[in-house]
Amino acid sequence: NPEREARCRRYVAAAKLADQVALHIGGAHDVLARLANEVWDLVFIDADKQHNDTYFEAVVGRVRPGGLLIVDNLLWSGKVLAGHALKPGDKDMPAISAFDDKVARDPRVEPVFLHLRDAALADAARYRLNGNINNFHGN
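Using the numbering used here, you'd call the opening residue of the sequence shown number 2 and step up by one each time.
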């Protein structure tokens, strides 16, 4: 989206961070493929909701132990809560609900639910140390 790209570049420049911030512009699948060897302290996923799981799987192993993997819009305006009727043609809600359920059981992350408007899930990356799973607090 050229408008959003211009806005991002403007904000980074206004913050005087252009020499510290690398912007990767393009479709998420293409950008992630170009960054295959990167390891991150923080990943923020806010993309097409039907592919949250695809993006999660593409990056979860590349978040540094103790890093954060944040996924936005997990409540989907409350649509994922029990008792909310599924509207015909809504492909996002079932995908988000399935993703939420999967991540809640995923041993690679420590799910932390942050209720910020429509909710974000911060997953603290876990790592193995001497055969034991430890999170970034050393527990």
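Built from N, CA and C at the ideal position, the CB exists for glycine as well.
Mapping DSSP to helix, strand and coil, what is R8?
-> helix
With DSSP collapsed to three states, give me the class of R65.
-> strand
Could you round the C-beta distance between F100 and I71 to whole angstroms and report it? I think they count as a contact, below 8 Å.
-> Actually they are not in contact, since the Cβ atoms of F100 and I71 sit about 13 Å apart, beyond 8 Å.
On the three-state DSSP scale, how would you describe P95?
-> helix
Own chain, CB closer than 8 Å to W41, minus 5 neighbours either side, in chain order = V60, R63, V64, R65, G68
Determine the extent of the beta strand (DSSP E) in which D42 is found, giving its start and end residues.
-> 41 to 46
If I'm right that A96 touches N53 with Cβ under 8 Å, what's the distance once you round it to whole angstroms?
-> 7 Å
Tell me whether P3 sits in a helix, a strand or coil according to DSSP, three-state version.
-> helix
Of all the options A15, L43, G27, Q21, which has the alpha carbon lying nearest to the alpha carbon of P3?
-> G27
Quick one: Cα of E58 to Cα of N38, how far?
-> 14 Å
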